[in-house]
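Enquirer: Quick note on numbering: the sequence shown equals residues 6 to 198 in this note's numbering.
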Amino acid sequence: MTKNLFIKGIYIALVIIVLFFIVYFFLKDDGYYKTSILLNAFAVPLILGLGAFLSVRQLTRNGGFLTFKMIYKQAFVPIFVGGTLSLFFIFAFLNYGDQATKALLNQQYIESYKNSLEDEYASAKKIVKPNSDEDKELEEKYAQAKVRIADKVSKNEDMFSAQYFMYIYAGYCAFFLILSLFFASFFRSRRVY
Numbered sequence: 006m007t008k009n010l011f012i013k014g015i016y017i018a019l020v021i022i023v024l025f026f027i028v029y030f031f032l033k034d035d036g037y038y039k040t041s042i043l044l045n046a047f048a049v050p051l052i053l054g055l056g057a058f059l060s061v062r063q064l065t066r067n068g069g070f071l072t073f074k075m076i077y078k079q080a081f082v083p084i085f086v087g088g089t090l091s092l093f094f095i096f097a098f099l100n101y102g103d104q105a106t107k108a109l110l111n112q113q114y115i116e117s118y119k120n121s122l123e124d125e126y127a128s129a130k131k132i133v134k135p136n137s138d139e140d141k142e143l144e145e146k147y148a149q150a151k152v153r154i155a156d157k158v159s160k161n162e163d164m165f166s167a168q169y170f171m172y173i174y175a176g177y178c179a180f181f182l183i184l185s186l187f188f189a190s191f192f193r194s195r196r197v198y
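#1: Taking just the CA atoms, how far does N9 sit from L24?
#2: Mind checking I21: buried by the 16 CB within 10 Å criterion, or exposed?
#3: Quick one: what's got a C-beta closer than 8 Å to V197's C-beta in the same chain, skipping five residues either side?
#4: Going by DSSP in three states, Y198 sits in which element: helix, strand or coil?
#5: How many Å lie between L90 and G56 at the Cα?
#6: Which first and last residues belong to the alpha helix (DSSP H) in which V49 is found?
#7: Just reading off the alpha helix (DSSP H) that M75 is part of, what are its end residues?
#8: Using CA coordinates, which residue listed in C178, E116 and N136 is at the minimum distance from M164?
#9: Going by alpha carbons, who is nearest to A150 out of K119, Q112 and Y77?
#10: Taking C-beta to C-beta, are G54 and L184 nearer than 8 Å?
#11: Could you give the DSSP three-state label for V158: helix, strand or coil?
#12: Starting from K33, follow the alpha helix (DSSP H) in both directions and report where the run begins and ends.
#13: So, at 7 Å on beta carbons, what are the nonlocal neighbours of I76 in its own chain, with the 5 sequence-adjacent residues on each side left out?
#14: Would you identify the three-state DSSP class for R193, choosing helix, strand or coil?
#15: For chain D, find out if any of its Cβ atoms is closer than 8 Å to the Cβ of I132; answer yes or no.
#16: Within the continuous alpha helix (DSSP H) that includes L43, where are the two ends?
#17: Within 10 angstroms of its Cβ, does K160 collect 16 or more other Cβ (buried), or is it exposed?
#18: Residues in its own chain within less than 8 Å of L99 by CB, not counting five upstream and five downstream?
#19: Rounded to the nearest angstrom, what separates F81 and F30 at their Cα positions?
#20: How big is the Cα-Cα spacing for E51 and K33?
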């Protein structure tokens with residue numbers, strides 16, 4: 006049974022990796038960073054949730070009394086294996102396979118940070134009265150943010166280093182735990198007293 010769970014996890018990883026390469030080959034343009042962020046925020050959790058649901062659903066169709074622990078394992082193992090394999094594959098690909106894509110993503114990250122800063126500054130400037138305390142505070146914060154951006158550029162900060170991937174991985178692990186708890190709570194058999 007555990008071997009079957011690992012195979013389901015490998016299938017989940019393959020789906021995520023195929024989706025990564027579809028975006029890599031067909032949508033690698035000026036909006037590649039934004040597309041990647043949207044993919045990680047919406048498509049990957051959906052794939053993981055669907056994989057966990059199908060895994061649990063298969064167990065519930067077999068019938069019998071299902072404990073919280075059984076369903077938790079049935080949901081957690083495939084998404085943990087699939088999420089871990091896919092995330093480490095993408096990390097290895099970006100850091101060792103295609104350095105140009107990594108540089109493009111880092112550059113687009115800085116550009117998106119600059120654009121959001123400029124948009125927020127422009128919208129806040131419309132609201133704030135000129136030469137007021139709020140205007141001075143806005144100008145100070147804007148200047149500080151520009152210094153932070155220049156610092157990131159001068160340091161050539163790598164947003165796809167092992168440190169940042171570990172932060173992302175920790176977030177995914179928390180997601181795996183919460184999703185598995187949800188499925189285990191929802192699908193377990195209830196005793197009738």
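All C-beta atoms in this analysis are idealised placements derived from N, C-alpha and C, irrespective of residue type, glycine included. Please read these numbers as outputs of a predicted model, since none were measured by experiment.
Expert: Taking the coordinates as given:
#1: In the sequence shown, the residue the question calls residue 24 occupies position 19. In the sequence shown, the residue the question calls residue 9 occupies position 4. C-alpha separation (whole angstroms): 23 Å.
#2: By one-based count along the sequence shown, residue 21 stands at place 16. Buried, since its Cβ has 16 or more Cβ neighbours within 10 Å.
#3: Position 192 of the sequence shown, counting from 1, holds the residue named residue 197. Low per-residue confidence applies at V197: pLDDT is 48, beneath 50, and the placement is therefore not dependable, though the value from the model is reported in the following sentence. So the list is empty, once near-sequence residues are dropped.
#4: As a working note, residue 198 is residue 193 in the sequence shown. The pLDDT assigned to Y198 is 48, lower than 50, so where the model puts this residue is not dependable; a value taken from the coordinates is nonetheless given after this. Y198: coil per DSSP, three-state reduction.
#5: Walking along the sequence shown from the start, residue 90 turns up at place 85. Walking along the sequence shown from the start, residue 56 turns up at place 51. In a straight line, the C-alpha of L90 is about 14 Å away from that of G56.
#6: As a first step, residue 49 is located in the sequence shown; it is residue number 44 there, counting from the start. Here the alpha helix (DSSP H) through V49 covers V49 to R66.
#7: Within the sequence shown, residue 75 is the residue found at index 70, counting from 1. Residues F73 to A97.
#8: Sequence index remark: in the sequence shown, residue 164 carries index 159 (1-based). Ranking the options by Cα distance to M164, first place goes to E116.
#9: As a first step, residue 150 must be located in the sequence shown, where it is residue number 145. The shortest C-alpha separation from A150 is found at K119.
#10: Taking the first residue of the sequence shown as position 1, residue 54 is located at position 49. Taking the first residue of the sequence shown as position 1, residue 184 is located at position 179. Yes. Within cutoff.
#11: Your numbering for residue 158 matches position 153 in the sequence shown. Helix, per DSSP.
#12: Here the question's residue 33 lines up with position 28 in the sequence shown. Neither: K33 is in no alpha helix (DSSP H) and is coded neither H nor E.
#13: Here residue 76 refers to the residue found at position 71 of the sequence shown. Excluding residues within five positions, the ones whose Cβ falls inside 7 Å are V61, L64, F188, A189, F192 and R193.
#14: For this step, residue 193 is matched to residue 188 along the sequence shown. Note: R193 maps to coil in three-state DSSP.
#15: Note that chain D does not occur in the displayed structure, where there is just one protein chain.
#16: In the sequence shown, the residue the question calls residue 43 occupies position 38. Where L43 is concerned, the enclosing alpha helix (DSSP H) stretches over Y37 to L43.
#17: Your numbering for residue 160 matches position 155 in the sequence shown. K160 is exposed by the Cβ-count criterion.
#18: One-based indexing of the sequence shown puts residue 99 at position 94. So the qualifying residues of the chain are T106, K107, L110 and F165.
#19: In the sequence shown, counting from the first residue as 1, residue 81 sits at position 76. In the sequence shown, counting from the first residue as 1, residue 30 sits at position 25. Those two C-alpha atoms are separated by around 31 Å.
#20: Along the sequence shown, read from residue 1 onward, the residue named residue 51 stands at position 46. Along the sequence shown, read from residue 1 onward, the residue named residue 33 stands at position 28. The residue asked about is misnamed: residue 51 is Leu in this sequence, not Glu. The alpha-carbon atoms of L51 and K33 are separated by roughly 22 Å.
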